[in-house]
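S.K.: First the structure, which I've put down as C-alpha cells, then a few questions once you've had a look.
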Amino acid sequence: MRETEARSAIRAYDMNLVGLCLLALACSAAVAGAAHAHTFTGKFSGTGRACNGMLHVRSQTIEWRSSFSRCARSGYEVLDMSRPGEPGRMAFRFKTRGAKCLYEVVALEQVDGTDWTADGYPSLEAYRKKDAPGWRDSPLPARLVLECPMTQLR
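Every number in the numbering used here is 2 more than the matching position in the sequence shown, counting from 1.
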C-alpha cells in the first residue's frame, strides 16, 4: 500500500513539474515575442503617387495615411512576425477601419537598413491568399495589393 502511495505522490510531483515548465516556456515566449515586436514600432515615410504619406506603428496602435487611403489610428492584431535573427517582417490587421481606409491588413518588411516595404491588403482573405497562384496578379479589386517603398524615420 505504501509503495502505491509513493508512486502516486511521485507522479503528482512530476505532473506539477511538467506544468510549471510549460508555464515558464509560454511566459518566456510571450516576453520574447513582445520584445521582438517592439523593434517594429516606428514612423515610416512613403513616397510616390499612391504611397505618399506616413505609417505609424506604435506598441498598441497603427495608423497609415497615404494619398488615396486614410487608415486612422486603431488597435491591431499581429498576423505574422519574423523570428529573431531574420530580417524584420510583421503583418498587422486593423481592429477598426473607417470608410476611407482601403486596407484591412498591412504587411511591413525590412529590405535593408532603413528601407522597408509596406503592402496594403484590402482584406484578410487577400493577405492569406497572397501566395496562391493567380491571386496576387489578378485584376479583381478584391485582390489588389498596394506595394509601397518606405523609409524608417529616426
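Ideal Cβ positions, reconstructed from N, Cα and C, are used throughout, including at glycine.
Predicted, not measured: the structure shown is a model, and the values here were computed from it.
Among 121, 127, 104, 138, which residue has its Cα nearest to the Cα of residue 148?
M.R.: Minimum Cα distance to residue 148 is reached at 121.
S.K.: With distance defined between alpha-carbon atoms, name the residue in 86, 131, 142, 65 nearest to residue 157.
M.R.: With the chain covering 3 to 156 only, the question about residue 157 has no answer from this structure.
S.K.: In three-state DSSP terms, what is residue 143?
M.R.: helix
S.K.: Near residue 70, which residues of its chain fall below 8 Å by C-beta distance, leaving aside the five closest residues on each side in sequence?
M.R.: 52, 104
S.K.: On the three-state DSSP scale, how would you describe residue 104?
M.R.: coil
S.K.: Alpha carbon to alpha carbon, what distance is there between residue 47 and residue 54?
M.R.: Rounded to the nearest angstrom, the two C-alpha atoms are 7 Å apart.
S.K.: Where residue 127 and residue 139 are concerned, what is the direct C-alpha to C-alpha distance, given to the nearest angstrom?
M.R.: About 15 Å.
S.K.: Does DSSP classify residue 156 as helix, strand or coil?
M.R.: coil
S.K.: Does DSSP classify residue 65 as helix, strand or coil?
M.R.: Reduced to three states, the DSSP call for residue 65 is strand.
S.K.: Rounded to whole angstroms, what's the CA-CA distance from residue 83 to residue 112? Just pull it up for me.
M.R.: 12 Å
S.K.: Take residue 74 as the anchor and find which of 99, 124, 142, 91 has the nearest alpha-carbon.
M.R.: 99
S.K.: From 110, 134, 60, 63, pick the residue whose C-alpha is nearest to that of residue 153; which is it?
M.R.: For the residues 110, 134, 60, 63, the minimum Cα distance to residue 153 belongs to 110.
S.K.: What does a CB cutoff of less than 8 Å around residue 25 pick up in its chain, not counting 5 residues either side in sequence?
M.R.: Low confidence applies here, because residue 25 scores a pLDDT of 40, under 50, leaving its location unreliable; read the following figure in that light. For residue 25, where only same-chain residues beyond five positions count, there are no Cβ hits under 8 Å.
S.K.: Short check: CB of residue 129 to CB of residue 81, under 8 Å?
M.R.: Result yes, Cβ atoms of residue 129 and residue 81 sit closer than 8 Å.
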